[in-house]
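First up is the structure itself, then whatever we jot down about it.
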Amino acid sequence: MNSKLIFLMMMMITAVILTFEIETTSAENCRWDLQCEEFCRNRLCNFSKCRNGKCFCYQCEK
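Residues -27 to -1, 1 to 35 in mature numbering (1 follows the signal peptide of the UniProt record, and there is no 0) are what the sequence shown lists, from first letter to last.
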């Protein structure tokens, strides 16, 4: 019984983390992370990364 409860709690925590880490991308081309900061700040996100020429924003407020 305890193992089922622990498994359920782990699944719920994972779901919360995944919904919190939803990414927002832009169609804007970037070369450096600094170019994405303003884009992500406008979307109320805490972190920004430039990957493959696109801005990715993390930990955004809903």
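All C-beta atoms in this analysis are idealised placements derived from N, C-alpha and C, irrespective of residue type, glycine included. Only a predicted model underlies this, so the values are computations on that prediction, with no experimental measurement involved.
- The Cβ atoms of glutamine 32 and cysteine 18 lie closer than 8 Å to each other.
- Going by DSSP, asparagine 19 is part of the beta strand (DSSP E) stretching over 18 to 24.
- Closest in C-alpha terms to asparagine 15, from the list Glu34, Asn2, Lys27 and Arg4, comes Glu34.
- Per the C-alpha coordinates, the member of Met(-19), Cys13, Phe20 and Asp6 positioned closest to glycine 26 is Asp6.
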